[in-house]
Amino acid sequence: MTVVPLLVVRLLFRSKAGFGSLPHVVNAVSVFLDTSVELPLERASKLGSLPLLNRIWDSLEMLPDHSSWSVRRLLLQEDSYTERQFRLSLTEACKKNDRSMVQWIFEHFPGRGVRMQVVEEAAAAGAMDILQYFADNERDSEVDTRLAKRDIFFGGKDTANAAAGGHSDIVRWLYQFETDYERDDAATMEAAVANGDEELVRWLHQVMEIQVCGVPRAAANGHLSMLQFLSAFDRIPAGVVVQAAKNGHLDVVRWAIDRDWDNEKDEEDSDEEDFYTSGFYSRQRKISRPPYLTSIGGEASLAVHTAAINGHLKVAKYLHARVDWPMDYEEQKVNSKRLRSTLAEIEKELGKDHQAAPISRKTMLEVVRKGLLEVVEWLCFEFSGNHTIDLFRPLNEEDTLVYAMDEAAAYGHLDIVKFLHEVAPSLEEEFSRKRKKNIAEKMNEAMFGKRSKRHGIQCTTEAMDGAAANNHLEVVMWLHDNRSEGCTNALDRAAGNGHIEMVQWLHAHRSEGCTTIAMNVAAGFGHLDVLKWLHEHTSAGCTTHAMDRAAASGHLNVVKWLQDNRHEGCTKGAMDGAAENGHLGVVKWLHENRSEGCTNAAMDFAAQSGKLDVVKFLHRYRTEGCTAKAMSGAAAGGHVRVMQWLHANRPEDCSGAAIDDAALHGAFEAALFLFLVRGEKMSQEVIRNDNVRGYPGFYDFIFEKMW
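Going by the UniProt record's numbering, the sequence shown opens with residue 1, and the numbers climb by one from there.
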């Protein structure tokens, strides 16, 4: 089929006498100008346009044998590339649940097998029509589809993906197909449990004989009826209370704790039973039951933190009321030991990203950052008397001490700032009163040492600095009127973020002033109004970083203003940065109006970023050239057009090892170009790299071409 010429080409040649009888000329010019035909099929598939796919495919017929290398030609030359395009295009069609596109791909790629990952995507999308189409075209199918039969690889996460999407009918349908690949039955059950699909869970357990798992996910989603249904099988596993508390499901929390206490078949709590096996279908015989959920060091005590940081105050209060908190030193030792055991059990169930934790300074910092005033108040009044919990001890984050009031100010939570300011004296007084020790405490100190002094509520200059940086003017004004800490770099940070009203207020009411950082950073982010104001009202000025940053970010108006109003100028980094980020207009202006020039990093950076127009300009008008990093960087980014240009115009600067960079970044078309056109071979280290072999197409390519 002939590719329909572009409209602009047809109109152009229609006005030219003598070309009406030369349609092949019109077609050739159209194909030359039409860059869409150079799109890989898998990228075109993402656009969901069958006409575009047809246009690309039909253009293959117009490729002369002597034409230069192109992505389209790979479909005719390289089987590994064709297989990759088939697989990735089919994957995109499945994601879109586009059966017509799937049919187009099958018709144009006869006989190619459908890999398991493609089936998984179709299952995840709930694409029953596509899955049935796959089955009808399978090699063993007796359905006449008028197409060559092919292998369809079911298994893996196909049923799990379908279950996660709530497609229980597809789950049952998929299980009729046997597979040579292990199917992830556990993930399927876990997804069904998480969705609260009791009917599917019962079918998976009774018919497919899959063990129940993933119970904490049902708790996280608030599926109480599912938990009640599953509780007949075995003890509720670790993590249920934490996950329910995380999402505020008080009914689930109540049920889990009440069931834990009402379970009469278990023996009484034993302080000696600190390590236990939890979970459904546990075959380990238990000599005595594990601690109750609400016991000292139990899961409920860790879930208080979880509920609090997510703003579920009712849940936090309920858990706090049910938990047995340590009352003396001996109980504190038991608590510490059990907490380690409980956390280990929770991590087994939930992984390392769980939110279970004891109440601590981290709890306070998280609720402060989220602006949860009621939770902050509750934590202060409920735990201020607990000598084992230091809510306001600063936390070291990236070598910086972080204070609760500072964070409240930086996040703009003025109500919390005011509360902490008002309650600080009373808490300090209570701490002083609590320091009067009873006889038992004195004996504990004699035996085990003195407990550390607890921290009161503190505020530093970071409060105003952070509030200014984030444009919380009301907070800054309140701190100015009610606190004495002041600020340090508040004006610099406000200017850098473009907060001109904040800059003006700080200049008028504070004495700290600013540094060159203010104008430098403001220029880099294009805040010309701030730049002008600072230029007129302050004396700190700026450095060459101002123009360098503005140029790199593409703010030509700022660059021009600095040229006309400041004397600092710029460095070679200005053009280098502008080139890297593809700001051709800035590169041209610097070339014509400044004398600093650039380094060979400019073309290297532009090539790495795929900015071919910048590369061409630098090649034509500058003398710095590039290095082997240009081709290597372009290869790593998959910028084939840039690579073609470098190969044709700067072959002396091209490395012979760029194919390794392409392979390590999964840039398949780039790797094929380097192999077919430049004759490069991958190193043995890269050939053996498991990540490289895992990229679509590379496995077949390596074993076909590299061995």
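Virtual Cβ for every residue (Gly too), placed ideally from N, Cα, C.
As the structure is a computational prediction, the values presented were derived from the model and not from experiment.
What is the residue span of the alpha helix (DSSP H) that residue i lies within?
i: valine 71; result: 71–77
i: leucine 590; result: 584–593
i: lysine 572; result: 572–580
i: serine 59; result: 50–59
i: tyrosine 629; result: For the record, residue 629 in the displayed sequence is lysine; it is not tyrosine. Its alpha helix (DSSP H) spans residues 628–637.
i: valine 207; result: Run containing valine 207: none; DSSP gives neither H nor E here.
i: threonine 363; result: 361–369
i: cysteine 487; result: Counting along the chain, cysteine 487 falls outside any alpha helix (DSSP H), and DSSP gives it neither H nor E.
i: phenylalanine 675; result: 668–676
i: alanine 232; result: That residue, alanine 232, is in no alpha helix (DSSP H); it is neither H nor E in DSSP.
i: proline 216; result: 215–220
i: serine 100; result: 99–108
i: serine 295; result: Note, serine 295: premise wrong, no alpha helix (DSSP H); not H, not E.
i: aspartate 390; result: No alpha helix (DSSP H) holds aspartate 390; DSSP gives it neither H nor E.
i: isoleucine 500; result: 500–509
i: tyrosine 621; result: 612–621
i: glutamate 685; result: 684–687
i: isoleucine 659; result: 658–664
If I'm right that residue i touches residue j with Cβ under 8 Å, what's the distance once you round it to whole angstroms?
i: alanine 256; j: alanine 244; result: 7 Å
i: leucine 420; j: alanine 404; result: 7 Å
i: glutamate 624; j: cysteine 598; result: 6 Å
i: alanine 602; j: leucine 590; result: No, alanine 602 and leucine 590 are not in contact; Cβ-Cβ is about 10 Å, not under 8 Å.
i: asparagine 600; j: threonine 627; result: 5 Å
i: glutamine 504; j: tryptophan 69; result: Their Cβ separation, rounded to whole angstroms, is 59 Å, which puts glutamine 504 and tryptophan 69 out of contact at 8 Å.
i: glycine 498; j: valine 530; result: 6 Å
i: valine 112; j: glutamate 83; result: It should be noted that the sequence gives arginine, not valine, for residue 112. About 7 Å; that satisfies the 8 Å criterion.
i: glycine 633; j: alanine 607; result: 6 Å
What is the rounded straight-line gap between the Cα of residue i and the Cα of residue j?
i: tyrosine 281; j: histidine 205; result: Note that tyrosine 281 scores a pLDDT of 36, beneath 50, so its modelled location is shaky and nothing firm can be said.
i: lysine 265; j: isoleucine 236; result: The predicted position of lysine 265 is uncertain, since its pLDDT is 47 and thus under 50; a value taken from the coordinates is nonetheless stated next. Between lysine 265 and isoleucine 236, the C-alpha separation is close to 14 Å.
i: glycine 298; j: asparagine 470; result: 40 Å
i: serine 278; j: asparagine 247; result: Annotation note: pLDDT 40 at serine 278 (below 50); position unreliable, no value reported.
i: cysteine 94; j: valine 102; result: 7 Å
i: aspartate 465; j: alanine 490; result: 4 Å
i: isoleucine 346; j: leucine 302; result: 10 Å
i: glycine 697; j: threonine 91; result: 14 Å
i: glutamate 42; j: valine 71; result: 12 Å
i: proline 326; j: isoleucine 389; result: 12 Å
i: serine 89; j: glutamate 107; result: 13 Å
i: alanine 518; j: glycine 371; result: 29 Å
i: glycine 166; j: methionine 226; result: 15 Å
i: aspartate 269; j: histidine 320; result: Note that aspartate 269 has pLDDT 47, beneath the 50 cutoff, so the model's placement of it is unreliable and the number below is only indicative. Straight-line Cα distance between these residues: approximately 20 Å.
i: threonine 179; j: phenylalanine 229; result: 31 Å
i: leucine 365; j: leucine 395; result: 9 Å
i: arginine 283; j: isoleucine 457; result: Annotation note: pLDDT 38 at arginine 283 (below 50); position unreliable, coordinate value reported separately. Distance between the alpha carbons of arginine 283 and isoleucine 457 is about 50 Å.
i: phenylalanine 448; j: aspartate 251; result: With a pLDDT of 43 at phenylalanine 448, under the threshold of 50, the modelled position of this residue cannot be trusted; read the value that follows with caution. Going by the C-alpha atoms only, they are around 42 Å apart.
i: alanine 219; j: asparagine 195; result: 10 Å
i: glutamate 267; j: tyrosine 329; result: Bear in mind that the predicted position of glutamate 267 carries a pLDDT of just 47, short of 50, making it unreliable; the figure below should be weighed with that in mind. Distance between the alpha carbons of glutamate 267 and tyrosine 329 is about 26 Å.
i: alanine 163; j: arginine 254; result: 28 Å
i: isoleucine 152; j: glutamate 121; result: 13 Å
i: leucine 74; j: arginine 87; result: 15 Å
i: cysteine 654; j: threonine 544; result: 33 Å
i: isoleucine 702; j: aspartate 660; result: 12 Å
i: asparagine 581; j: leucine 47; result: 26 Å
Spell out the partners DSSP gives residue i in its beta bridges.
i: leucine 174; result: In DSSP, leucine 174 forms no bridge with anything.
i: leucine 401; result: Asn396
i: isoleucine 346; result: Isoleucine 346 pairs with nothing; no bridge assigned.
i: arginine 183; result: Gly156
i: arginine 150; result: Glu138
i: valine 114; result: Ile152
For residue i, which option in the options has the closest C-alpha, if you only look at C-alpha atoms?
i: methionine 189; options: Gly196, Gln176 and Cys213; result: Cys213
i: leucine 50; options: Met62, Val37 and Glu61; result: Val37
i: serine 295; options: Val315, Leu313, Trp104 and Ser336; result: Ser336
i: leucine 584; options: Asn600, Leu41, Cys570 and Lys611; result: Lys611
i: glutamate 512; options: Asn520, Cys487, Ala522 and Lys532; result: Cys487
i: valine 417; options: Glu382, His472 and Leu401; result: His472
i: valine 304; options: Ala316, Leu293, His312 and Asn310; result: Ala316
i: alanine 574; options: Gly554, Lys681 and Val118; result: Gly554
i: histidine 509; options: Met477, Glu536 and Phe668; result: Met477
i: serine 683; options: Cys380, Asn54, Pro425 and Lys705; result: Lys705
i: methionine 116; options: Ser59, Asp576, Asp136 and Tyr181; result: Tyr181
i: proline 100; options: Gln77, Ile130 and His312; result: Before going further, note that residue 100 is serine rather than proline in the sequence given. That would be Ile130, whose Cα lies nearest to the Cα of serine 100.
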